[in-house]
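J.: Please find one structure pasted underneath; my questions will follow.
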Amino acid sequence: MYWERKNYYYPDLPKGYQITQNPPEECVGNGGYIDVERDDGSTFRVTIDNLHLEEDAAQLTHLYDTSTINYNRAGNPLFELVTDPVIHSADDAVAFLETMRSIYQYCGVSEADSKKGHLRCDVNVSISEDENTKGTKVEIKNVCSFSSVHDAIIYEVKRQSQLKDEGRYDEEVRQQTRRWDDETGTTIAMRDKVDAEDYKYFVEPNIPKVKLTEEFIKKVQESIPELPKERKTKYIEKLGLSAYDANILIKEKKVSDYFEECLKLGVEAKTAANWITGQILGFIYKYDKNIDEIYLTPERLSKITENVKSGKISSKQAKDLFFLVLEREEEPEKIMKDEGMEQISDDGAIKAIIQEVLDENPSQIEQYKAGKTNMFDYFVGQTMKKTRGQANPSLVRDILTELLK
Amino acid sequence: MGKYFVTIGLEMHCEGSLTNSKVFSPAKNEYNKLPNCNVSPISTSC
Numbered sequence: 014m015y016w017e018r019k020n021y022y023y024p025d026l027p028k029g030y031q032i033t034q035n036p037p038e039e040c041v042g043n044g045g046y047i048d049v050e051r052d053d054g055s056t057f058r059v060t061i062d063n064l065h066l067e068e069d070a071a072q073l074t075h076l077y078d079t080s081t082i083n084y085n086r087a088g089n090p091l092f093e094l095v096t097d098p099v100i101h102s103a104d105d106a107v108a109f110l111e112t113m114r115s116i117y118q119y120c121g122v123s124e125a126d127s128k129k130g131h132l133r134c135d136v137n138v139s140i141s142e143d144e145n146t147k148g149t150k151v152e153i154k155n156v157c158s159f160s161s162v163h164d165a166i167i168y169e170v171k172r173q174s175q176l177k178d179e180g181r182y183d184e185e186v187r188q189q190t191r192r193w194d195d196e197t198g199t200t201i202a203m204r205d206k207v208d209a210e211d212y213k214y215f216v217e218p219n220i221p222k223v224k225l226t227e228e229f230i231k232k233v234q235e236s237i238p239e240l241p242k243e244r245k246t247k248y249i250e251k252l253g254l255s256a257y258d259a260n261i262l263i264k265e266k267k268v269s270d271y272f273e274e275c276l277k278l279g280v281e282a283k284t285a286a287n288w289i290t291g292q293i294l295g296f297i298y299k300y301d302k303n304i305d306e307i308y309l310t311p312e313r314l315s316k317i318t319e320n321v322k323s324g325k326i327s328s329k330q331a332k333d334l335f336f337l338v339l340e341r342e343e344e345p346e347k348i349m350k351d352e353g354m355e356q357i358s359d360d361g362a363i364k365a366i367i368q369e370v371l372d373e374n375p376s377q378i379e380q381y382k383a384g385k386t387n388m389f390d391y392f393v394g395q396t397m398k399k400t401r402g403q404a405n406p407s408l409v410r411d412i413l414t415e416l417l418k
Numbered sequence: 020m021g022k023y024f025v026t027i028g029l030e031m032h033c034e035g036s037l038t039n040s041k042v043f044s045p046a047k048n049e050y051n052k053l054p055n056c057n058v059s060p061i062s063t064s065c
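The following block contains the structure:
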């Protein structure tokens, strides 16, 4: 395996060349495929042209009348994965990217965090009359999020289709490079495509060739940890989760790791899955955070679920506690103490409160006795209201049934 | 996606964010630092 110099001048690379690999010359990988699962459970295969290593360029930010350059990421290691042109919809493109992001994360080679700019895509789009004819390939450069990839494909297909319908396709659609503009939701022409030989590749003289021995490759293969697909199978077959929940949990390694940590702490799989796929992901998406950045660690979540399981707090109180822990960044036990959150599970105390409710609502009792059975829930509701949601709901129902006999 | 046959190829760039240094220089590979503070004079930009 070796590196080459790709010569071009642009402010994001002031030394005038990028150290990269030039497939199909000896690069990290040529060929192979990834099987991708869609949300509906069907699968499709994406064949890989190559995977090569290179150095990243600087980050350019274009403002109204000026541009800034940040060289912090220039020279960072970058993996470029090039697929064959075998994808046929924007949804499939995003499903593929999400799968690859998971693989990178699970293998521990990258956080693959779009928010930190770790992931960028160039998207090649073409349209044709049918699958046997080829259209003109248009490249959309540097698309920075998966949702933008989706939108850029939709826009570009629409643009090219419209030109074809108007008979202007051959004249207007050239092999060119465009860029995606998030603000206007359009692609904008940058330049006509530069052919590969324009970069004047030659072997990088300062970096020796690297021999990847069979033994080394075997070692790397053996070090590959449990991948998302394997975790998904485990979640469904061993833990009894639904495919829907399993898919959500495995998508981001950090989320899956959080779930695994909850299991180690003794939280039941279904309970942990419900909390994560519901409340926790809702919270982190709303506040644009990563799951490992929130105060509610798996340990703290396990404290909440333990208290629900032991009957100390109700499910409703657990939800309140969840938000209070995140808001105040205090231990669940402290908040329970400060807020007097412990569930009332004392038969005598609950009976007295229910009796109060019944004494205050004689006409409703008459209605109940006359056959209006939904008044039962009314009494439960009134009792819960009086106890500020602290009464054990199943005890309330049992005692109420007794008292209304 | 409409009446035409759509063909898409992807080039996915993923930054190796978990190395301590950049790939060919000792400058640090860190996120969220002040602009232009992780630049190695050895190789100008990387």
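The listed protein sequences correspond, in order, to chains A and B.
Going by the numbering used here, the first sequence runs without a break in its numbering and finishes at 418.
Going by the numbering used here, the second sequence runs without a break in its numbering and finishes at 65.
Backbone N, C-alpha and C fix where the C-beta goes; we use that ideal spot for every residue, glycine too.
Give me the chain B residues within the contact set of R341 (chain A), using Cβ-Cβ distance strictly less than 7 Å, ordered along the chain.
T.: As a first step, residue 341 (chain A) is located in the first sequence; it is residue number 328 there, counting from the start. The contacting residues do not exist; R341 (chain A) stays about 26 Å from chain B at best.
J.: Taking C-beta pairs closer than 7 Å, name the residues in chain A that I27 (chain B) reaches, listed in chain order.
T.: Taking the second sequence and counting its residues from 1, the one referred to as residue 27 (chain B) is at position 8. Result: P98, I100, H101, A106, V136, N137, V138, I166.
J.: Output the distance between the C-alpha atoms of K350 (chain A) and E306 (chain A), rounded to the nearest integer angstrom.
T.: In the first sequence, counting from the first residue as 1, residue 350 (chain A) sits at position 337. In the first sequence, counting from the first residue as 1, residue 306 (chain A) sits at position 293. Each residue's Cα considered, the two are about 25 Å apart.
J.: Does P45 (chain B) have its Cβ less than 8 Å from a Cβ in chain A?
T.: Along the second sequence, one-based indexing puts residue 45 (chain B) at 26. With a threshold of 8 Å between beta carbons, P45 (chain B) makes no contact with chain A.
J.: When the cut-off is 8 Å and only beta carbons count, does L132 (chain A) lie next to chain E?
T.: The structure shown contains no chain E; its protein chains are A and B.
J.: For Y119 (chain A), count the other beta carbons within 10 Å of its own beta carbon; 16 or more makes it buried, fewer makes it exposed. Which is it?
T.: Sequence index remark: in the first sequence, residue 119 (chain A) carries index 106 (1-based). Buried, since its Cβ has 16 or more Cβ neighbours within 10 Å.
J.: Thinking C-alpha only, which one of A:M354, A:D78, A:V393, A:E152 is nearest E369 (chain A)?
T.: Here residue 369 (chain A) corresponds to residue number 356 of the first sequence, with the count starting at 1. Nearest of A:M354, A:D78, A:V393, A:E152 to E369 (chain A), Cα basis: A:V393.
J.: Between S123 (chain A) and G35 (chain B), how many whole angstroms is the CB-CB distance? I'm expecting something under 8 Å.
T.: Within the first sequence, the letter at position 110 stands for residue 123 (chain A). Within the second sequence, the letter at position 16 stands for residue 35 (chain B). About 5 Å separates the beta carbon of S123 (chain A) from that of G35 (chain B), a gap short enough to meet the 8 Å contact definition.
J.: Which residues of chain B have a Cβ atom closer than 8 Å to the Cβ of S55 (chain A), listed in chain order?
T.: Numbered from 1 along the first sequence, position 42 holds the residue referred to as residue 55 (chain A). In chain order: nothing, as chain B lies at least about 17 Å away.
J.: Between which two residues does the beta strand (DSSP E) containing Q72 (chain A) stretch?
T.: The residue given as residue 72 (chain A) occupies position 59 in the first sequence. 72-75 is the extent of the beta strand (DSSP E) around Q72 (chain A).
J.: So, is the C-beta of P60 (chain B) closer than 8 Å to a C-beta in chain A?
T.: By 1-based counting over the second sequence, the position of residue 60 (chain B) is 41. Chain A, which has no Cβ nearer than 8 Å to the Cβ of P60 (chain B), makes this no.
J.: For A209 (chain A) and chain B, any beta-carbon pair shorter than 8 Å?
T.: Working through the first sequence from its first residue, we reach residue 209 (chain A) at position 196. The predicted model places A209 (chain A) with a pLDDT of 48, which falls under 50 and marks its position as unreliable, so this point remains unresolved.
J.: Take A286 (chain A) and list the residues in its own chain whose beta-carbon comes closer than 6 Å to its own, dropping the five residues that flank it on each side.
T.: Stepping through the first sequence from its first residue, residue 286 (chain A) is reached at position 273. Excluding positions up to five away in sequence, the list reads L254, D258.
J.: Shorter than 8 Å from the beta carbon of Q188 (chain A) to some beta carbon of chain B?
T.: The residue given as residue 188 (chain A) occupies position 175 in the first sequence. No, because no Cβ of chain B sits closer than 8 Å to the Cβ of Q188 (chain A).
J.: Considering only residues of the same chain and omitting the five flanking positions on each side of H163 (chain A), which have a CB-CB separation below 6 Å?
T.: The residue given as residue 163 (chain A) occupies position 150 in the first sequence. Closer than 6 Å at Cβ, skipping near neighbours: A103, V107.
J.: Return the CA-CA distance between I61 (chain B) and K41 (chain B), expressed in angstroms with no decimal places.
T.: Stepping through the second sequence from its first residue, residue 61 (chain B) is reached at position 42. Stepping through the second sequence from its first residue, residue 41 (chain B) is reached at position 22. Distance between the alpha carbons of I61 (chain B) and K41 (chain B): 12 Å.
J.: Among A:S236, A:I230, A:S269, which has the Cα closest to the Cα of K247 (chain A)?
T.: On the first sequence, position 234 is the one that residue 247 (chain A) refers to. That would be A:S269, whose Cα lies nearest to the Cα of K247 (chain A).
J.: Among A:K266, A:T200, A:L371, which residue has its Cα nearest to the Cα of E415 (chain A)?
T.: By one-based count along the first sequence, residue 415 (chain A) stands at place 402. It is A:L371.
J.: If you check the beta carbons only, do I27 (chain B) and N405 (chain A) fall under 8 Å apart?
T.: The residue labelled residue 27 (chain B) in the question sits at position 8 within the second sequence. The residue labelled residue 405 (chain A) in the question sits at position 392 within the first sequence. Judged by beta-carbon spacing, N405 (chain A) lies beyond the 8 Å limit of I27 (chain B), meaning their Cβ atoms are not closer than that value.
J.: Going by DSSP, what residue range makes up the alpha helix (DSSP H) through M113 (chain A)?
T.: In the first sequence, counting from the first residue as 1, residue 113 (chain A) sits at position 100. Note, M113 (chain A): alpha helix (DSSP H), 103-120.
J.: Could you tell me whether the Cβ atoms of K150 (chain A) and Q188 (chain A) are closer together than 8 Å?
T.: By one-based count along the first sequence, residue 150 (chain A) stands at place 137. By one-based count along the first sequence, residue 188 (chain A) stands at place 175. In contact: K150 (chain A) and Q188 (chain A) (Cβ atoms closer than 8 Å).
J.: What residue does the alpha helix (DSSP H) around E244 (chain A) start on, and which one ends it?
T.: One-based indexing of the first sequence puts residue 244 (chain A) at position 231. The sequence shown places Arg at residue 244 (chain A), not Glu. It spans 241-250 - the alpha helix (DSSP H) in which R244 (chain A) sits, taken as one unbroken run.
J.: Beta-carbon within less than 7 Å of G402 (chain A)'s beta-carbon, same chain only, minus the 5 sequence neighbours each way: which residues are those?
T.: In the first sequence, counting from the first residue as 1, residue 402 (chain A) sits at position 389. The residues are S327, K329, Q330.
J.: At a Cβ threshold of 8 Å, is N55 (chain B) touching chain A?
T.: Within the second sequence, the letter at position 36 stands for residue 55 (chain B). So, interface residue.
J.: Closest to S376 (chain A) by CA distance: which of A:H101, A:Y391, A:E344 is it?
T.: For this step, residue 376 (chain A) is matched to residue 363 along the first sequence. Closest option to S376 (chain A), Cα to Cα, is A:Y391.
J.: Could you tell me if H75 (chain A) is buried or exposed, where buried requires 16 or more neighbouring beta carbons within 10 angstroms of its beta carbon?
T.: As a first step, residue 75 (chain A) must be located in the first sequence, where it is residue number 62. Classification for H75 (chain A): exposed.
J.: Note down the Cα distance separating N57 (chain B) from A87 (chain A), rounded to an integer number of angstroms.
T.: Here residue 57 (chain B) refers to the residue found at position 38 when the second sequence is read from its first residue. Here residue 87 (chain A) refers to the residue found at position 74 when the first sequence is read from its first residue. The C-alpha of N57 (chain B) lies about 9 Å from the C-alpha of A87 (chain A).
J.: Hey, quick one: how far does the beta strand (DSSP E) through G31 (chain A) stretch, first residue to last?
T.: Counted from its first residue, the first sequence places residue 31 (chain A) at position 18. With the sequence shown as reference, residue 31 (chain A) is identified as Gln, and Gly is not the correct amino acid for it. From DSSP, the beta strand (DSSP E) with Q31 (chain A) extends over 30-33.
J.: What's the C-alpha gap between P238 (chain A) and L73 (chain A)?
T.: In the first sequence, the residue the question calls residue 238 (chain A) occupies position 225. In the first sequence, the residue the question calls residue 73 (chain A) occupies position 60. Their backbone Cα atoms lie some 36 Å apart in a straight line.
J.: Please classify N35 (chain A) as buried or exposed, where buried requires at least 16 other C-beta atoms within 10 Å of its C-beta.
T.: Numbered from its first residue, the first sequence carries residue 35 (chain A) at position 22. By the 10 Å Cβ count, N35 (chain A) comes out buried.
J.: Relative to the alpha-carbon of E50 (chain A), which residue among A:Y300, A:E342, A:T33, A:A256 has its alpha-carbon at the smallest distance?
T.: Counting from one through the first sequence, the residue named residue 50 (chain A) turns up at place 37. Checking every option, the nearest Cα to that of E50 (chain A) belongs to A:A256.
J.: Using a Cβ cut-off of 7 Å, pull out every chain A residue sitting near N75 (chain B), in sequence order please.
T.: Nothing can be reported for residue 75 (chain B): it is not among the residues displayed for chain B, which extend from 20 to 65.
J.: Should D62 (chain A) go down as buried or exposed, given a rule of 16 or more other Cβ atoms within 10 Å for buried?
T.: Sequence index remark: in the first sequence, residue 62 (chain A) carries index 49 (1-based). Label assigned to D62 (chain A): buried.
J.: Closest to Y50 (chain B) by C-alpha separation, out of A:N89, A:F272, A:E235, A:R114, would be which residue?
T.: In the second sequence, residue 50 (chain B) corresponds to position 31, counting from 1. Ranked by Cα distance from Y50 (chain B), the first of A:N89, A:F272, A:E235, A:R114 is A:N89.
J.: Given a threshold of 16 other Cβ atoms within 10 Å of its Cβ, counted over all protein chains shown, does K383 (chain A) qualify as buried or as exposed?
T.: Translated into the one-based positions of the first sequence, residue 383 (chain A) becomes position 370. The identity of residue 383 (chain A) in the sequence shown is Ala, whereas the question assumes Lys. So A383 (chain A) ends up on the exposed side.
J.: Between I412 (chain A) and chain B, is the shortest Cβ-Cβ distance under 8 Å, so that the two count as touching?
T.: Locating residue 412 (chain A) in the first sequence gives position 399, where the first residue counts as 1. Cβ-Cβ to chain B under 8 Å: no for I412 (chain A).
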